[in-house]
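Note sheet for the following structure.
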Amino acid sequence: MEDPLNGIPPKLPPDYELSAMNGGESSDDHADTGSDSVSPTMTHHLESMDSSPGSEMKDEDDEQQDDLPLQNAGDHEVKMEDEIAVKDSSDELVAGSPKIAHHQNGANLKEDPSSEDSGDEKKLDDPSMLENAEAVEKMGLPADSGAVENMDDVPAAENVDDRENSDADGEQLEQEQEEPVARHANSRKPIAKAARQKYRQIDGEPASAIFYKLRSVGAARNGVAAHAESDAEESDLEPEGQPPAKKQKSFENGKERKLRKTGARRPTARSRAKKAVEEKPTEAQEGFFKKSARWLSIAWILTALRMEPGIKVPEKRRKDIEKMVEEIEEQNNHIVDIDLDTEMPMQDNYRGVMDKVEKMVLQDKSEMSRKRKRNRGIQFKEPIQLNFTGAPRFDWKTAKSEDIVKLAKKTKLDGQNHVFGEPDKSVANLIEGDDAVIKAEQRFFKDHGVQVTEPFLSVVRYNLADNSEGTLEKLKKRIMNTSMCVITGLDKVTGFNWNKFSPTLLAQWKPDLLHPVLHQLPQPTNSNVNLNDKKADPKKWTITGGVKEGFSLKTYVDWLNNCINYSKEVYAKMRASQMTDMEVFREELERYLHANQLPINGRNQNTDATLIGFGTNIELETQQFVFVELVNEINKFPYYLATNGAGNLLNHPQENIAGLNSAQLYVKAPGSRTSIHPENSALASFNHNIGPGDCVWYGVPLEDSDKMTRLLKHHNAKSKSVGLYATANWPNEEELIKAGIHLQKFIQRPGDTVYVGAGTYHWVQSNGYTVNVSWNIAQPTFEQLSLAAVMHDHYDLNLHYALLPIQTIAWNIAEKKIRHNLKFDQLISMICMRSLARAQTEFDYLEKHDVHPRPAAQAHNLVPVERCSKCQECTHNIFVVHENESYCIECAKKKSAKFVGMTAYYRQKMTHWMKILDEFNALWREEQAAQDAAAEDAAPHVAAPQNAAPQEAALQDETPQEAASNDGPRDGPRDGPLDAPHDQ
């Protein structure tokens, strides 16, 4: 098959070697079971927020359903002329494939149908999910994968694939209504139970509502009165040929009581989806679908042109083709080339907000309010909730671990948090900054002869000429304080071989690898029309109507190659044609793209729109296997840009967090979108464009994150009830500018690397077929760690959770006594102190309920970080296991008030954590004392005035203790020293 990246047959790497990891033999039985770091005691939900491409969302009226049956790779296989033979046996290897290391301990992994992601996104490569779907189908129900993607805890929305299933659902209901009562009575309950497990909600309804109608009909047949106001529904319960009985009025206490509406009349999400399919699109929709199809066909022609750059084109044809391609060119792109030796302004205070962030995470002691709740019967209802921006009730500069534990033990007496206060409410909207840095940068650009186009901000581009140590260190210094920047030449100076990342090669190496594919409506970046929007409003922010499901890598790549090859054929016809009208060929391509869309839920699409497939989050390194050669290529980048570089905070949890510290591949058809998001826990991110197409990037710097968050909440009315990150958005340029938000916009060309600074909002669209490789980076700096702490509280206030296990990271650094700088060390101590208090209240709470936790060493398949399978929070010391799933104490309590059938485990006793904390505190406090002494010695000595009395001059030379014992104090009687010493 032709390689889509260079138009020539792919050349495979050296011989394939299958190496076992963790000392076990490798096995292909579980090589494709997924990418999440999971243990049988729990199901992890680990995803990327740059991932967050196309994160699922819902608006006020419509919600997107993400959980769809996995696409069977064999159902829609496209035949290829030159296909590498793959042996059937799972024990045999593919000739010419790269080294893929398999992890043995992934055999028991499973996907959690309730866990959702970001980011970046839920992985759908577990064969067991297909088996579950088949089991449900045997019960007479349509299968549902139950897997969802990024933006974590994303509610489902009505989408196209539901429309495809709606006909089958309607037929099933009719069959159920015609069957005998006895059969229905015997099968109704297990069907409803299975349905609740497999169905995901649409339009905000609970999954059980989908079967409410079914239960109502069954109840009526079993003699239960089921009132219905619909003629259609009532006729199902009336004898044929007889008029419906008159409705009887019901009286209670002498007053007329309205008859209760039954679920038989409640329209289900499936019925709404079916109705949407049966309805013809509105005039507005039809008009936009035509514009979308035209945009997509031109984008594919541009892709073909980029992939065949050396072909000569007649002058007349070239001008006609260029004129057509100009229709999709982007406007307002601002990028500036700056030399590495040139320093940007205001580099000491990241985006001008770190002073404010420092005051949030390193606050001085604040006394606890003496006001008590009126309810005198306050109980110890749960362990204290961890936060990092609440005011501490202790002096963290001097406090010992025993002081923290003593305060934490008071919680079991009155249920109050005596260690720290409530989180800072302002972080619900992230950080409010000013435009000082932005104005300084604009003056900088003007001074260097760059034309500034307000309100757009210019993005700096650094060109690398070599990979010398001096050059790479200069680059490191520049990117640490950038909001976003572009790096060119990085692949060349490091020897990065992008040819190995060809999707065609990956499909040959691992054809059955399942990965998420988003079906999206392609369109220009200045519009956001949703597929199910009858008004086709281009300025709407929320993204709904998209569909996500799992496809095998081979099925998806075959579809891509067919689009590429047909686009090349059309482009060849355009070059050779003598016709003056190129529209004939474009329309031919448009018809082909519409007729050859990827199937949705195993069925051909039945819409007037032409949708594209966005292959997201293709894992290169999972718990089960590793594309060794590809990971080796990634490791060629400098350590501060690598997935596991020296000092990277993501190394400390000692786990593979999909999309964070492991690389993911994004294969994008023209029009593929990643909705607006900051990276998970405000981390930095690395994104390299392999090509051949371009990507359009938008960014909002950290200092405008408060304005941006408020505007997002304004456009998502349900954010208070479902959380800010339950909805994906595509902001409107004009509205951002009108709101005074500074906007960055630029084009990422093939070979360009985009570095996104900590806390930067960004969103991306591909304007051609292209491949990107991306991951997150947690730089070992106070700026990065403090922003991660703030984001932890930001998530809590917005009904979300953090993937970054910040407690585990802090404790590992403290235990290993890793030092960076004084502020960083102090923040590590502050995080550990709060975590210690939480751990103590966990022990106290379990003791109250007569639960005796066991050492974690006794737990089966213990993983470095346990995450609650319900709320996804990272547990640090204590976790509870129930039916092979891990829970935090709060969620376990909700399942069983007395923890029946559950086992609690602890990693270490309190004395262990207390010792680590005290030893680490001693290190930085010694440094702090030395700095304070040096500062005192360096301070200028203030001499006494010459006309001062001898007694006054003597008093100025006295120490506070001497002054306190002086027989004649100047300021009257004192109970203590003249001046109490203050902490510096």
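Per the working numbering, residue 1 is the first one in the sequence shown, and the count goes up by one each step. We put the beta carbon where it would ideally sit given N, CA and C, even for glycine. This structure is a prediction, so every number in the text was calculated from the model and none was measured.
Between residue i and residue j, which are expected to be in contact by the criterion C-beta below 8 Å, what is the C-beta distance as a whole number of angstroms?
i, j, result
"I987", "W811", "Residue 987 is absent from the structure shown; the chain starts at 1 and stops at 984."
"S829", "N732", "Rounded, the Cβ-Cβ distance is 44 Å, inconsistent with contact."
"L641", "I809", "19 Å between Cβ atoms; not a contact."
"H800", "G693", "With 8 Å as the limit, H800 and G693 do not qualify as a contact, their Cβ atoms being about 32 Å apart."
"N680", "L804", "6 Å"
"I618", "Q654", "So it is not a contact: roughly 24 Å between Cβ atoms."
"S292", "A609", "6 Å"
"W697", "V754", "6 Å"
"T781", "M480", "7 Å"
Can you tell me which of the options puts its alpha carbon nearest to the alpha carbon of residue i?
i, options, result
"R591", "R603, K893, Y566, F614", "Y566"
"H688", "Y639, I634, K707", "I634"
"L531", "I543, G757, T389", "I543"
"D466", "K474, V460, V459", "K474"
"V631", "E367, N497, D694, V517", "N497"
"A284", "G390, N499, V529, A717", "V529"
"N561", "A646, Q442, T770", "T770"
"Q765", "A839, E655, D608, S527", "S527"
"G1005", "I818, K397, E441, K290", "In the structure as shown, the chain starts at 1 and stops at 984, and residue 1005 therefore has no counterpart that could be examined."
"T411", "Q385, S401, D435", "Q385"
"D825", "L362, M354, G390", "L362"
"S426", "F380, M360, G495", "M360"
"C891", "C871, H519, E919, N877", "C871"
"T282", "A536, Q508, V336", "A536"
"L702", "E847, G757, S458, Q931", "G757"
By Cβ distance, which residues of its chain are closer than 8 Å to residue i, with the 5 residues on each side in sequence left out?
i, result
"N387", "F420, E422, P423, H792, D793, D796, R834"
"R183", "The predicted position of R183 is uncertain, since its pLDDT is 36 and thus under 50; no value can be drawn from it."
"E326", "none"
"G489", "N463, L464, A465, G751"
"T303", "I564, S567, P670, P692, G693, G768, Y769"
"V517", "Q71, K548, E549, G550, F551, Y556, L598, G613, F614, G615, T616"
Report all residues from its chain with a CB closer than 7 Å to the CB of residue i; omit the five preceding and five following residues, and keep chain order.
i, result
"N644", "N651, N661"
"K446", "V452"
"A739", "K707, L711"
"E815", "I916"
"P455", "I737, H742, L743"
"P383", "R838, T841, E842, Y845, I889"
Which same chain residues end up closer than 6 Å to residue i when comparing Cβ atoms and leaving out the 5 residues on each side of it in sequence?
i, result
"A209", "With a pLDDT of 30 at A209, under the threshold of 50, the predicted position of this residue should be treated as unreliable, though the coordinate-derived value follows. Cβ neighbours of A209 beyond the five flanking positions: none."
"Q242", "With a pLDDT of only 44 at Q242, under the threshold of 50, the placement of this residue in the model should not be trusted, and no figure is reported."
"D957", "Any reading at D957 is ruled out, since the residue's pLDDT is 41, under 50, leaving its predicted position unreliable."
"T903", "V881"
"R215", "Annotation note: pLDDT 31 at R215 (below 50); position unreliable, coordinate value reported separately. Hits under 6 Å: none found."
Ends of the alpha helix (DSSP H) at residue i?
i, result
"W295", "283-307"
"P853", "First-last for P853: undefined, no H or E at that position."
"T471", "469-479"
"M324", "315-325"
"I806", "806-816"
"V900", "Run containing V900: none; DSSP gives neither H nor E here."
"C695", "Per DSSP, C695 belongs to no alpha helix (DSSP H); it is in the beta strand (DSSP E), 695-700."
"I564", "553-576"
"Y986", "Residue 986 lies beyond the residue range present for the chain, which begins at 1 and ends at 984; the question has no answer from this structure."
"P503", "503-509"
"S786", "782-797"
"K439", "436-447"
What are the start and end residues of the beta strand (DSSP E) that includes residue i?
i, result
"I831", "Element bounds for I831: not the beta strand (DSSP E) but the alpha helix (DSSP H), 822-848."
"R673", "673-677"
"I618", "612-619"
"F627", "625-627"
"T488", "484-488"
"K359", "K359 -> not in any beta strand (DSSP E); alpha helix (DSSP H) instead, spanning 354-361."
"P599", "Unbroken run through P599: none, as it is neither H nor E."
Whole alpha helix (DSSP H) elements within the region 391-419, 4-residue minimum:
401-409, 411-414
Taking only runs that begin and end inside the region 703-775, name each unbroken beta strand (DSSP E) of 3 or more residues, in chain order.
743-748, 752-756, 761-766
Starting from the N-terminal side, write out each stretch of the alpha helix (DSSP H) that is 4 residues or longer and does not extend beyond the region 875-935.
889-895
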